[in-house]
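Note sheet for the following structure.
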RNA sequence: GGCUCAUUGGUCAAGUGGUCAAGAUGUGGCAUUCUCAGUGCUGAGACAGGGGUUCGACUCCCCUAUGAGCUACCA
């Protein structure tokens, strides 16, 4: 068997859609699982949609996710160029298109947009249109074609698909699929601007680059027969097709920009880490068959068997991604964690506090980095809270009791020299023991007083230690004032 | 409208003729804890419907329903 070669062939049109990223991931995994090659090819045949900077996004995404390509525009492996506009400039596509014309498998078409539009027919009020080319130009004589060509009339080259018969292809996931040729449109291979369409360039390049497994989203399933016909027309061996199930939003519709989390960049902005994103999308449409769900890229390479890819569409479930992200944050080594978390902490904490300690506190409690802000804002400034917060049935405490507890603890804390967590604990626990009250009864008022929050990351000791003695006392006195003037 | 594909708990999913139909996430409860988180235990929750085939169907076939994708000089 020949060496496995897969390719990621994105169009530089903007952000990295998670569906595309998953395709890239699967392509990488299929290749690496077999020790094969993973190539990058830029499909920039649509000049209209080209977005400046999009290529950088592609490179950067592959880099940060670890999907390292073996060949590509920046890594020549002998199949270059790896950018379709450059290949177009070399006349590669036109050359092959002409081969097809000679074989009668394609033909020049000089039809204008106007004529084409008369072919459209509106079937229902749902503006569903059937557009099928009528092969008008297929019947042009050689002389007419020559005349048109020399006259410089714009043309496209269309694939010639017979009206009769059927076309069958095989997909590794969906099995054997057969369609009537009558259903297939004579699709355009070469556009009037001299560029190939995706449909054509893709087939030509996949062959020239010796791609063995073509992985793509299942929105291409219905056009696959046309590609099959192209391979047959050339007499080329078809690659193994691996069509992946669609990724949808909560409404079960194709994930689009409107969902707000359709791209890799969106997710990064929303506080997700790359490993979690990769892990999560790997599981959208694929399962290892075991109960394991947390996989590093290396583990995925080892485990990935594309035959286990699912057929049905998968909903992109943010709740589960968040959970998984939290798992990754918890396991993250501190150096990287601080680097990622500190910027978010600095957004809300401007005082001279030990931000590392705050980071430690939230590390096991956040799911995304965006969770940090609301969790730690009280370190900067105590919020204006309601004294009702001191009423807690389970802690067996209320406003009166809290007031007296705070009043009694205040002098003890004022006299405390060692303001370490252990030092604070010793004083407060000493008080609680002496009074013979529940831990919660003694601690609830304090934690509330220094945080002004119902819930906080960490307990009273940790908070007091971080905000320091002076600020702790200020907040406790404030609490006493609040409770007294109730 | 036509074509193609799909259909196991809310979601991701295991499962390929005989299972009390895994697991995860989410969700309810209990316990532990100064709150939160976490951890432990525990609960509820699924084979779209109808016909076949078979001794026996989640698993195979057909129909229906529902959903999705495609139907561009976009990919």
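In this note's numbering, the protein residues as written are 503 to 988.
Glycine included, C-beta positions come from ideal geometry on N, C-alpha and C.
Bear in mind the structure is a predicted one, so any value in this text is a computation, not a measurement.
Hey, could you find the ends of the alpha helix (DSSP H) residue 610 is sitting in? Residue numbering aside, residue 610 sits at position 108 when the first chain is read from its first letter. Note, residue 610: premise wrong, no alpha helix (DSSP H); beta strand (DSSP E) at 608–611.
With a cut-off of 8 Å, do at least 3 Cβ pairs link the region 799–815 to the region 839–854? The answer is no - the region 839–854 does not touch the region 799–815, with fewer than three Cβ pairs under 8 Å.
Could you tell me the boundaries of the alpha helix (DSSP H) in which residue 734 lies? For the purposes of this step, residue 734 is taken as the residue at position 232 of the first chain. Residue 734: member of the alpha helix (DSSP H) spanning 726–736, first to last residue.
Could you name each continuous alpha helix (DSSP H) segment of 4 residues or more that falls completely within the region 788–850, going from the start of the chain to the end? Within the region 788–850, the alpha helix (DSSP H) runs of at least 4 residues that lie entirely inside it are, in chain order, 799–805, 820–833 and 836–850.
Heavy atom of the ligand SAM within 8 Å of residue 841 beta-carbon: Judged by which ligands are present, the structure shown has none, so any question about the ligand SAM falls away.
Mind the definition here: the region 762–773 touches the region 714–722 only if three or more C-beta pairs lie below 8 Å; say whether that holds. Counting Cβ pairs under 8 Å, fewer than three are found: no touch.
Thinking C-beta only, is residue 823 closer than 9 Å to residue 796? By 1-based counting over the first chain, the position of residue 796 is 294. By 1-based counting over the first chain, the position of residue 823 is 321. Their beta carbons are not under 9 Å apart, which means residue 796 does not touch residue 823 by this criterion.
Where residue 653 and residue 599 are concerned, what is the direct C-alpha to C-alpha distance, given to the nearest angstrom? The residue you call residue 653 lines up with position 151 of the first chain. The residue you call residue 599 lines up with position 97 of the first chain. Residue 653 and residue 599 have their C-alpha atoms roughly 20 Å apart.
Nonlocal neighbours in the same chain, by C-beta distance under 6 Å from residue 627, ignoring five residues either side: For this step, residue 627 is matched to residue 125 along the first chain. For residue 627, the predicted structure reports a pLDDT of 44, less than 50, and the residue's modelled location is therefore unreliable. The matter cannot be settled from this model.
Nearest candidate by alpha-carbon position, reference residue 708, set 908, 585, 845 and 753: Counting from one through the first chain, the residue named residue 708 turns up at place 206. It is 585 whose Cα lies nearest to the Cα of residue 708.
I want to know whether the region 679–686 touches the region 654–670 - three or more CB-CB distances under 8 Å. Output reads yes: the region 654–670 touches the region 679–686.
Mind the definition here: the region 919–936 touches the region 879–893 only if three or more C-beta pairs lie below 8 Å; say whether that holds. The answer is no - the region 879–893 does not touch the region 919–936, with fewer than three Cβ pairs under 8 Å.
Note down the Cα distance separating residue 983 from residue 818, rounded to an integer number of angstroms. One-based indexing of the first chain puts residue 983 at position 481. One-based indexing of the first chain puts residue 818 at position 316. Rounded to whole angstroms, the gap between the alpha carbons of residue 983 and residue 818 is 50 Å.
How would you label residue 651, buried or exposed, when you count the other beta carbons within 10 angstroms and need 16 or more for buried? Mapped onto the first chain, residue 651 falls at position 149. Label assigned to residue 651: exposed.
The beta strand (DSSP E) that contains residue 692, what's its start and end? One-based indexing of the first chain puts residue 692 at position 190. Taken as a continuous stretch (DSSP letters only), the beta strand (DSSP E) holding residue 692 covers 690–692.
What did DSSP end up calling residue 517 once you bin it into helix, strand or coil? The count along the first chain starts at 1 and reaches residue 517 at position 15. In the structure shown, residue 517 sits in coil (DSSP, three-state: anything other than H, G, I, E or B).
Contacts around residue 572, its chain only, beta-carbon distance under 6 Å, and the 5 residues preceding and following it disregarded: Locating residue 572 in the first chain gives position 70, where the first residue counts as 1. Cβ neighbours of residue 572 beyond the five flanking positions: 539 and 540.
Considering only C-alpha positions, which residue in the set 915, 942, 531 and 879 is nearest to residue 954? Position 452 of the first chain holds residue 954. Closest by alpha carbon: 879.
Residue span of the alpha helix (DSSP H) that contains residue 710, given as start and end: Here the question's residue 710 lines up with position 208 in the first chain. For residue 710, the uninterrupted alpha helix (DSSP H) segment begins and ends at 700–710.
Simplified DSSP assignment, three categories, for residue 888: By 1-based counting over the first chain, the position of residue 888 is 386. Residue 888 falls in the coil class under three-state DSSP.
When burial is assigned at 16 or more other CB atoms within 10 Å of the CB, is residue 941 buried or exposed? Residue mapping note: residue 941 aligns to position 439 of the first chain, counting from 1. Exposed.
DSSP puts residue 746 in a beta bridge; with which residues? For the purposes of this step, residue 746 is identified with residue 244 of the first chain, where counting begins at 1. Answer is 719, bridged to residue 746.
Euclidean distance between Cα positions of residue 988 and residue 894: Looking up residue 988 in the first chain gives position 486. Looking up residue 894 in the first chain gives position 392. In this model, residue 988 and residue 894 are separated by some 17 Å (Cα to Cα).
Using 8 Å as the cut-off, can you tell me whether the region 959–978 makes contact with the region 859–868, which would need three or more C-beta pairs spanning the two stretches below that distance? Touching, yes.
Residue 739 by DSSP, collapsed to three states: which one? Numbered from its first residue, the first chain carries residue 739 at position 237. Note: residue 739 maps to coil in three-state DSSP.
Do residue 611 and residue 658 have their CB atoms nearer than 9 Å? Residue 611 sits at position 109 when you count from the first residue of the first chain. Residue 658 sits at position 156 when you count from the first residue of the first chain. Going by C-beta atoms, residue 611 is nearer than 9 Å to residue 658.
Exposed or buried, which one is residue 924 when buried takes at least 16 other CB atoms within 10 Å? Position 422 of the first chain holds residue 924. With fewer than 16 Cβ atoms within 10 Å of its Cβ, residue 924 is classed as exposed.
Close-in-space but distant-in-sequence residues of the same chain around residue 638 (CB under 8 Å, 5 per side omitted): Start at 1 with the first residue of the first chain, and residue 638 comes out as number 136. Close CB contacts of residue 638 within its chain, under the 8 Å cut and outside five residues either way in sequence, are with 611, 613 and 617 (chain order).
Exposed or buried, what is residue 563 when buried is set at 16 or more other beta-carbons lying within 10 Å of its beta-carbon? Mapped onto the first chain, residue 563 falls at position 61. By the neighbour-count rule (16 or more Cβ atoms within 10 Å), residue 563 is buried.
Among 727, 690, 742 and 694, the one whose alpha carbon lies nearest that of residue 712: Here residue 712 corresponds to residue number 210 of the first chain, with the count starting at 1. Of the listed residues, the one whose Cα sits closest to residue 712 is 742.
With distances taken Cα to Cα, identify the nearest neighbour of residue 813 among 928, 718 and 843. Locating residue 813 in the first chain gives position 311, where the first residue counts as 1. Checked all of 928, 718 and 843; the closest Cα to residue 813 is 718.
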